[in-house]
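Presented below is the structure to which this report refers.
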Amino acid sequence: MLHVGITGGIGSGKTTVCKIFEILGIPVYYADERAKWLMEHQASLVQGILGLLGQEAYTGEGKLNRSWISGKVFGNPELLSQLNALVHPAVAQDGFDWQDRQTDCPYTLKEAALLFESGSYLLLDKTIVVTAPLELRIKRVMDRDGVPRQAVQERIDRQMPEEDKVRKADYVIYNDGQRLLIPQVIAIHQGLVEAAKAMIS
Ligand code: ADP
22 MLHVGITGGI GSGKTTVCKI FEILGIPVYY ADERAKWLME HQASLVQGIL GLLGQEAYTG
82 EGKLNRSWIS GKVFGNPELL SQLNALVHPA VAQDGFDWQD RQTDCPYTLK EAALLFESGS
142 YLLLDKTIVV TAPLELRIKR VMDRDGVPRQ AVQERIDRQM PEEDKVRKAD YVIYNDGQRL
202 LIPQVIAIHQ GLVEAAKAMI S
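When the letters of the sequence shown are read in order and numbered with the numbering used here, they come out as residues 22 to 222.
Next up, the structure:
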């Protein structure tokens with residue numbers, strides 16, 4: 022089976038695009054959502070995080086204390102890379118286990134904001150990037166999350182520039198409010214179905 026990664030900067034519309042692939046019957050692994058879940062529910066990972074950051078990493082109800090963790094790792098690249106060294110392999114393994122459970126589909130999709138930055142694209146057969154003009158992305162995220170422009174801009178500044186992602190990708194989806202999304206998704210879907218067939222023949 023073919024394993025495909027999909028990414029895009031915040032507000033590019035990658036989650037929206039994944040929903041269209043799901044309608045076409047393609048299973049999607051949402052790596053960022055799953056990482057959050059594993060950080061609260063996978064015992065070995067929880068132990069690792071407690072060992073690295075201490076009890077304050079979790080609230081009394083066992084929820085991840087996100088703002089406290091962000092404050093702790095912000096400006097401490099060594100601690101951030103130690104945290105990533107715990108979380109990334111756990112999510113990667115969980116993703117492989119998920120892939121193994123998928124049958125009856127020509128390919129799977131793995132959605133991750135940092136697909137290229139984390140290097141996880143190296144373990145995938147094809148990559149798709151969703152791209153949108155910067156101003157549109159900012160407005161969409163301000164509306165979606167109810168946050169000010171500055172907060173969105175800071176998140177964008179921490180990500181790889183969208184044009185670099187476009188250069189690295191096998192397929193590009195333009196979510197610029199002009200080109201329709203569904204025909205673009207269907208064209209890529211058909212290409213991937215053909216590629217999957219070629220792989221098994
Ligand atoms: P990402 O997952 O890349 O951060 P989302 O898919 O969540 O982006 O899209 C950001 C916001 O913009 C969401 O509220 C979504 O509904 C909206 N959105 C995305 N694409 C479109 C579009 N083509 N037309 C209108 N709204 C869109």
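Don't be surprised by glycine CBs; every beta carbon is placed ideally from N, CA and C.
Unbroken alpha helix (DSSP H) runs of no fewer than 4 residues, entirely contained in the segment 32-99, are found at 35-44, 52-62, 64-74, 87-94, following chain order.
With fewer than 16 other Cβ atoms inside 10 Å of its own Cβ, Lys84 counts as exposed. Put simply, of Thr129, Ile41, Glu184, Met181 the residue whose alpha carbon is nearest the alpha carbon of Ala216 is Thr129. Per DSSP, the continuous beta strand (DSSP E) segment holding Gly26 begins and ends at 23-28. Shortest gap from the CB of Leu202 to any heavy atom of the ligand ADP: under 7 Å.
Assigned with DSSP and collapsed to three states, Val187 falls in helix.
With a threshold of 7 Å, the Cβ atom of Asp164 counts as near the ligand ADP, since some heavy atom of the ligand is closer than that. Per the coordinates, the alpha-carbon of Ala111 lies some 15 Å from the alpha-carbon of Leu71.
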